[in-house]
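First comes the structure, then the notes that go with it.
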Amino acid sequence: MRKAKTYLAGEAMVTALGAGVAHNVACIEKGESGLRVCTDPRVTQGRLIVGEIPDLVYDSLWERFGYNWSRAEVLAIGCINEIVSELSDEALSALNAENTILVLATAKGNIDALPDTEAASIPAMTARIAAEFGLSRTISVSNACISGGSALTVAKRLIEEGSCSNAIVCGVEVQSRFISSGFASFKSLSDKPCRPYDAARDGLNIGEGCGALLLVSDPAFARRTPGGRAVVLAGGAISDDANHISGPSRTGDGLFFAMRNALKDAGLGAQEIDLLQMHGTATVYNDEMESKAVGLAGMQEVPVQSLKGYYGHCMGASCVIETILCAEQIRRGEIFATKGFETLGVPVGIKIVAETRPAGLRSVLKTASGFGGCNVALVLSSEEVAKDVERPAPVETEVAAETEYHGTEGFADLARAKFRESEDSKDIRLAAKFSKMDNLSKLGLIAAADIMKGVECGEEELGVILCGRHSSMDTDLRHHELISKGGDSAASPAVFVYTLPNVAAGEIAIRYKAKGEETFFLADSCDEGALRSYAATAMGRTGMKYCICGWLDFYRGEYFAKFELLKRS
């Protein structure tokens, strides 16, 4: 057990409102929105309301850093460079390759590079960005729309257990037809500016953006206001609904578990939170679910805010951008309005912030949810109220079961045969569902079935932490081919939902009712020791007794799954 705090030491962001934290805050305070009508052929074949970063911003970044970078990469490099350039010489010298890690969060990264799969590789993208700053320690997190929050939670844990002293967490997302056509196939896009939690809400607006945060363990390097205040990333927790891969829980319990566990991690009670900065996508079921989670947490009287009306839903970058804005609200002593909200339209009576106003904020709880049933919650506190919490050490684990599958051909036959051998084959509903899954999910399920035989545990006692190389590239290519040949209207929701690697983890969570942690990492090679070590850390921070942990990869017929069931010793 050790006491440690994680401080915010530098921040940078780019959204549809423009570049810079101060500029974004000024626009939000004035009620300005970056949502615009978009007819850009890179993004849509029709007309959409999108939070699109102005071309002038990209041009300025390319002129400064070179034209060899992709749109996503140049945003990330620009934001990280802004942080580094503002550090003191002393702080900069402490930011070295040995004690600093880059954690990149993105749902789709360079997906607009398809069909060039090498250029679209997220681990390769992370390595290129890290090399620009002389960093060799990297982690890639691809956890749908909670990617940024997952990355911040991972980085916080590594700092607090002493694995590193500093972490640069960067969340980045750019928009393309690949993404917009997929969301459109789900009928989840609005043709008007979004209206979070409102009775008239009818969908989300996709956005693009980048946010970067420097997290440090040394309070001497924390960013401070003129009054000497610093902000601490005090709590973080991840959960899964174990309900549906594309729809949120109808009860809100999965998100509530993440909120409760983040508060516990921060050593705070619900009554000590001054603001709920939530996902608020303005889709019917997401906002409804969030209100129920707030009710389960007993926090109906805490002000609730969504910022999607200013720059859209930036997917994997959202949590990093919005965490920066949470910190700014704490520093400035104000709460920003929920743009687009007028009349409450969710089943639980929550207190939506309709107008920007002064407020003495001590602690903010930030949440997000995503495809695969994943949820994340973060707690940010002003330094003077952040608790000295004893951080549990990683638990001792044993390998209760293990299995491995690999090959270069014949996977379809293998998957059918293994499923027929399983108890699930007797359930017509499960059999029909299995037949519709992508190959990555099928591979994950047959591997999980081997190690979960006879295992009984509570829903929060089991988690799923996986890593792969190719992400969901096999299904990405299928979705790309559909819209390339048939246009955006040819997108299939049954295909698009599997264009996220963590959905495979979500399918496992649904099958085994696992509402514990769910995280998907990406890397060029399998480091079993590092993955097992992180799983032990996650189990130490939660009530998980078991964790399905391992490597999961499927690409163009070649498959490799190596799973372990870790059990607390």
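Residue numbering for the sequence shown follows this note's numbering, starting at 28 and increasing by one per position.
Using N, Cα and C, we set each Cβ at its ideal position, and we do this for glycine too.
Review point. What residue from Y85, H507 and F213 has the CA that sits closest to C237's CA?
Key: The shortest Cα separation from C237 among Y85, H507 and F213 belongs to Y85.
- How do the stretch 72–83 and the stretch 207–219 stand: do at least 3 beta-carbon pairs fall below 8 Å, yes or no? They touch, by the three-pair rule.
**Cβ neighbour criterion (16 or more within 10 Å) applied to N193** = By the neighbour-count rule (16 or more Cβ atoms within 10 Å), N193 is buried.
ask   = Between V196 and V347, which are expected to be in contact by the criterion C-beta below 8 Å, what is the C-beta distance as a whole number of angstroms?
value = Separation of the CB atoms of V196 and V347 is rounded to 6 Å, and the pair is thereby assigned contact status at 8 Å.
**OP:** Look up E585 in the DSSP assignment and give the residues it is bridged to.
**Re:** Answer is Y582.
**Q.** beta strand (DSSP E) segment containing I195, residue limits
**A.** Its beta strand (DSSP E) spans residues N193 to E200.
For this session: For my contact list, L549 and S498 are in at a C-beta cut-off of 8 Å; report their separation, rounded to the angstrom.
Result: Yes, they are in contact, since the Cβ atoms of L549 and S498 sit about 6 Å apart, within 8 Å.
Exercise for the section: Helix, strand or coil for Y654, going by three-state DSSP, please let me know. Expected result: Any question about residue 654 goes unanswered here, given that the chain covers just 28 to 596.
- prompt: In terms of alpha-carbon separation, which member of T394, A227 and E235 lies closest to D82?
  reply: Nearest of T394, A227 and E235 to D82, Cα basis: E235.
ask   = For P246, which of helix, strand or coil comes out of DSSP?
value = Reduced to three states, the DSSP call for P246 is helix.
Of the residues R91, E56 and I138, the one placed nearest E508, counting alpha carbons only: Per the Cα distances, I138.
Assuming the contact rule is C-beta atoms closer than 8 Å, S169 and F547 should be a hit. Round their C-beta distance to whole Å, please.
With a Cβ gap of about 6 Å, S169 and F547 count as contacting.
DSSP three-state label for C54, please. C54 falls in the helix class under three-state DSSP.
Subject >> Residue range of the beta strand (DSSP E) that includes K15 >> reply: The requested residue 15 does not occur in the structure, where the chain is confined to residues 28 to 596.
Between V522, A293, V331 and K393, which has its C-alpha nearest R568's C-alpha? Nearest option by C-alpha distance: A293.
request  = Could you tell me the distance, in whole angstroms, from the CA atom of A344 to the CA atom of G255?
outcome  = Here the alpha carbon of A344 sits roughly 29 Å from the alpha carbon of G255.
Q) Would the beta-carbon of C221 fall within 9 Å of that of L352? A) Not in contact: C221 and L352 (Cβ atoms no closer than 9 Å).
- Candidates N270, S112, C54 and D554: which alpha carbon is nearest K542's? Looking at the Cα atoms, N270 is the closest of the given residues.
Quiz item: Which residue spans inside the stretch 529–564 form an unbroken alpha helix (DSSP H) run of at least 4?
Solution: Under the rule that a run must span 4 or more residues, the alpha helix (DSSP H) segments found entirely inside the stretch 529–564 read 529–538.
How many angstroms separate the CA atom of K57 from the CA atom of I379? Looking at the backbone, the Cα of K57 and that of I379 are separated by about 18 Å.
| request: Identify, in the order they occur along the chain, each residue of the same chain with its Cβ nearer than 6 Å to the Cβ of R251, setting aside the five sequence neighbours on each side. | output: So the list reads A257, once near-sequence residues are dropped.
Taking 9 Å as the cut-off, decide whether the C-beta atoms of K393 and Q327 are in contact. Against a cut-off of 9 Å, the Cβ pair of Q327 and K393 comes out as no contact.
message = Let me make sure I understand the geometry here. Which of F523, A43 and K366 has the alpha-carbon closest to that of D506?
response = Correcting the residue identity first, residue 506 is His in this sequence and not Asp. Of F523, A43 and K366, the residue nearest in Cα terms is F523.
Next item on the list: With DSSP collapsed to three states, give me the class of K366.
Entry: Here K366 carries a coil assignment [DSSP, helix/strand/coil].
* CB of A289 within 9 Å of CB of V406, strictly -> It is a contact, given that the beta carbons lie within the stated cut-off.
query = Would you call the CB atoms of E145 and T33 closer than 9 Å?
reply = Result no, Cβ atoms of E145 and T33 do not sit closer than 9 Å.
Could you tell me the alpha carbon to alpha carbon distance between E109 and T365, rounded to whole angstroms? Approximately 28 Å, taken between the alpha carbons.
| Between which two residues does the alpha helix (DSSP H) carrying V101 extend? | Residues R98 to S112.
inquiry  = Please state whether the Cβ-Cβ distance between P528 and L467 is less than 9 Å.
reply    = One thing to note: P528 has its Cβ within 9 Å of the Cβ of L467.
**Item:** Backbone secondary structure at S71 - three-state DSSP
**Value:** Correcting the residue identity first, residue 71 is Thr in this sequence and not Ser. Taken through DSSP and simplified to helix, strand or coil, T71 comes out as coil.
Quick one: give me the first and last residue of the beta strand (DSSP E) that M305 is part of. Taken as a continuous stretch (DSSP letters only), M305 belongs to no beta strand (DSSP E), as it is neither H nor E.
Are the stretch 92–106 and the stretch 315–334 touching by the rule of at least three beta carbon pairs closer than 8 Å? Touching, no, given that fewer than three Cβ pairs across the two stretches are closer than 8 Å.
*Hey, E544 and S266: beta-carbon distance below 9 Å or not?*
Contact: yes.
field: Start-to-end residues for the alpha helix (DSSP H) that takes in G339
entry: For G339, no alpha helix (DSSP H) run applies, since DSSP gives it neither H nor E.
Q.
Taking its Cβ as the centre, do 16 or more other Cβ atoms sit within 10 Å of V321, making it buried, or is it exposed?
A. Buried, by the Cβ-count rule.
**Prompt:** Roughly how many angstroms lie between the CA atoms of W578 and G556, to the nearest whole one?
**Reply:** Here the alpha carbons of G556 and W578 stand approximately 11 Å from one another.
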